[in-house]
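Everything on this sheet refers to the single structure shown next.
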Amino acid sequence: MKKLRVVVLGAGFGGLELSTILSEALGEDLDLTLIDKNDCFIFGFSKLDVMFHHEMPEAVRLAYRHIKKPGVRFCQEEIIAIDPTARRVKTQNKTYAADVLVIALGADYEIDATPGLSDHGHEFYTFAGAKRLRDVLANFKKGRVVIGVSGTPFKCPPAPSEAALMLHDYLTKRGVRQDCEITLVMPFGVPIPPSPETSKALLAAFAERNITFVPKKTVASLDGAKRLVLFDDNSSMPYDLYLGVPRHCVPAVVAASGLTEEGWIVPSVKNLKTKFPGVYAVGDVTRIGPPKAGLFAEGAARVAALSILADLKGDAQPPDYDGAGICYIEFGSGRVGRVDVNFLSGPTVTGIYHEPSTDLVKEKKHFGSSRRERWFGLK
Ligand SMILES: Cc1cc2nc3c(=O)[nH]c(=O)nc-3n(C[C@H](O)[C@H](O)[C@H](O)COP(=O)(O)OP(=O)(O)OC[C@H]3O[C@@H](n4cnc5c(N)ncnc54)[C@H](O)[C@@H]3O)c2cc1C
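Per the working numbering, the sequence shown starts with residue -7, numbered consecutively.
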């Protein structure tokens, strides 16, 4: 039997999970090439751990060389062109042709879309940005910290709230919290719109810690000379240290591929097939309803993998993608909460809140270690 040639673009949550499922199902009957420009995977939450000195930067890197799965070959290459009609992909080294092409390239950042951000502020969404902030925060003793967001959609909507709570703990531990102000400014009316209960708990946690929450403002630019954060409604706020979430976009190679509609890939919400036969798109590179977060990328990858297998065997398509997932939320003081969100399977979006606890700390640890083992074979 001819092997199924699958090329998976991007080895993040979506690409790793899809490759794992196809390898488990087809073994050596699979000819899968997994391509990523980086040499390692890093969990999104590890960026916060690195920034607030909970982890050393080297400790959170999961090297792709550990991937040893039947039928899967990892290639560290930069993808420079995608032809979805011919299902052909060009990297700086060679051209790959596929029976099935999976786009799992995640979301990129337009840092320069926020004038002043790179020169007069800091972002904590790239690994490099989080690493830089380790040293900046270690030397910060006094002043106004503003945490802001430059546009929606953005990855992991709880992350700015987590950053505010973790910053409070960090400054408290260093004995300088009383000399600092923390303000969190969000584009939404509440921290987590799909879950009023989670939002209420976060607002209470901010109030207890003297963190100011400012709703419904998106950051437009930073005026470095006047030390002002400028918002889309023409208001402004003084700052000494700015920690920002940059504007998100698809990677340039995806924008140039003809796959996007209004900035993002919009595959079938049922099975993640794009309008190009044999081409799927999963995770943050898409816009189909659920937020940009790891477990949602994983859930979409699972459905796409089952759809690929069903087409290969001539079986019925799998049940539709349900847009369900969970987000762990660092509440500070060493506790973790959880919100279970369901975006697609009911008449409205639902978000069920689980109070912060030490059990959830263990559960979040297991979330990370189980993926390390499943995707990388690392105990
Ligand atoms: C600070 C922060 C905290 C977060 N916390 C959480 C959390 O607690 N829980 C959670 O579920 N999610 C969290 N997230 C979000 C989560 O990391 C993403 O939603 C998730 O990684 C998306 O998975 P993906 O597979 O779609 O894309 P990604 O994981 O981003 O993978 C895309 C891959 O494509 C590669 N790539 C891109 N362009 C190219 C190219 N041209 N050539 C080759 N390779 C390329 C990239 O190197 C990358 O490895 C957080 C994110 C941030 C920034």
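Glycine included, C-beta positions come from ideal geometry on N, C-alpha and C. These numbers come from a predicted model, not from an experiment.
Does residue i come out as helix, strand or coil in the three-state DSSP assignment?
{"i": "Y56", "result": "helix"}
{"i": "I174", "result": "strand"}
{"i": "T87", "result": "strand"}
{"i": "G6", "result": "helix"}
{"i": "H358", "result": "helix"}
{"i": "K(-6)", "result": "coil"}
{"i": "R279", "result": "coil"}
{"i": "V168", "result": "coil"}
{"i": "D104", "result": "helix"}
{"i": "I257", "result": "strand"}
{"i": "K218", "result": "coil"}
{"i": "K82", "result": "strand"}
{"i": "F378", "result": "Residue 378 is absent from the model: the chain starts at -7 and stops at 371."}
{"i": "T144", "result": "coil"}
{"i": "M43", "result": "helix"}
{"i": "G181", "result": "coil"}
Residue range of the alpha helix (DSSP H) that residue i falls in?
{"i": "A151", "result": "A151 to K165"}
{"i": "G369", "result": "It is not in any alpha helix (DSSP H) - G369 carries neither H nor E in the DSSP assignment."}
{"i": "V245", "result": "A244 to A247"}
I'd like to confirm the pairing. Which residues does DSSP put opposite residue i in its beta bridges?
{"i": "H114", "result": "L235"}
{"i": "Y272", "result": "V94 and K265"}
{"i": "F373", "result": "There is no way to answer for residue 373, as the model of the chain reaches only from -7 to 371."}
{"i": "T25", "result": "V(-1) and R65"}
{"i": "C32", "result": "A55"}
{"i": "T252", "result": "I257"}
{"i": "H240", "result": "Y101"}
Could you check where the beta strand (DSSP E) with residue i kicks off and where it finishes?
{"i": "G343", "result": "T342 to S349"}
{"i": "L194", "result": "It is not in any beta strand (DSSP E) - L194 instead sits in the alpha helix (DSSP H) that spans P188 to E200."}
{"i": "G140", "result": "G135 to V141"}
{"i": "S228", "result": "S228 to P230"}
{"i": "L129", "result": "No beta strand (DSSP E) holds L129; the alpha helix (DSSP H) holding it covers F119 to A130."}
{"i": "D75", "result": "I71 to D75"}
Mark residue i as exposed unless 16 or more other C-beta atoms lie within 10 angstroms of its C-beta, in which case mark it buried.
{"i": "E20", "result": "exposed"}
{"i": "E322", "result": "buried"}
{"i": "R65", "result": "exposed"}
{"i": "R366", "result": "exposed"}
{"i": "D100", "result": "buried"}
{"i": "R294", "result": "buried"}
{"i": "T87", "result": "exposed"}
{"i": "N263", "result": "buried"}
{"i": "L370", "result": "exposed"}
{"i": "P339", "result": "exposed"}
{"i": "E200", "result": "exposed"}
{"i": "G108", "result": "buried"}
{"i": "V42", "result": "buried"}
{"i": "A292", "result": "buried"}
{"i": "A273", "result": "buried"}
{"i": "G63", "result": "buried"}
{"i": "K284", "result": "buried"}
{"i": "G329", "result": "buried"}
{"i": "E253", "result": "exposed"}
{"i": "K165", "result": "exposed"}
{"i": "R57", "result": "exposed"}
{"i": "H45", "result": "exposed"}
{"i": "T28", "result": "Reading off the sequence shown, one finds Asp at residue 28, where the question assumed Thr. Per the 10 Å Cβ criterion, buried."}
- Task: At 3 residues or longer, and completely inside the segment 284 to 344: list those beta strand (DSSP E) runs for me, N to C.
- Result: 316 to 324 and 327 to 334
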